[in-house]
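Chemist: With my numbering applied, the sequence shown covers 158 to 270.
For each residue, glycine too, the CB sits at the ideal point set by N, CA and C.
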Amino acid sequence: CPKNETFKECESSSCGERRCGEPKPDACTKDCVTGCFCKSGYFRVEKGGCVRKKDCPKIDRCYLKRRTGPCKASLPKYYYDYDTLQCRQFIYGGCGGNANRFDTIEECRKACK
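1) Taking contact to mean 3 or more Cβ pairs, one atom from each stretch, closer than 8 Å, check whether the segment 234 to 242 and the segment 256 to 265 are in contact.
2) Going by CA-CA distance only, name the one from ARG175, TYR249 and PRO214 that's closest to ASN161.
3) List the whole-angstrom C-beta distance separating THR191 from SER169, where the pair is believed to meet the contact cut-off of C-beta under 8 Å.
4) Please classify SER171 as buried or exposed, where buried requires at least 16 other C-beta atoms within 10 Å of its C-beta.
This is the structure:
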């Protein structure tokens, strides 16, 4: 595996590693993925590789595209639609996704005024 990564067998795809700019998952998937994952204390960056949290690129969560995530739950959440400059509801799958996800429309409006 590359630097700051470790090989794991049968790891949850949603909880095997953290990603820069994404909140901690609400729940872990029961799938089984084998491969290289970021070591504990490191976060995956979009372009690949693993860095310490302090080295994650600063991303305004309100500019991120909506991501429902790979899981199959049907959880109503809100995201900020930068194209329309409005908070909108979407159905979140329960894992994955990104930081542009809010429990209430009020939280979304407050964060992305």
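Modeler: According to the structure data:
1) As far as the Cβ criterion goes, the segment 234 to 242 touches the segment 256 to 265, which means the pair count is three or higher.
2) Closest by alpha carbon: ARG175.
3) 12 Å between Cβ atoms; not a contact.
4) SER171 should be labelled buried.
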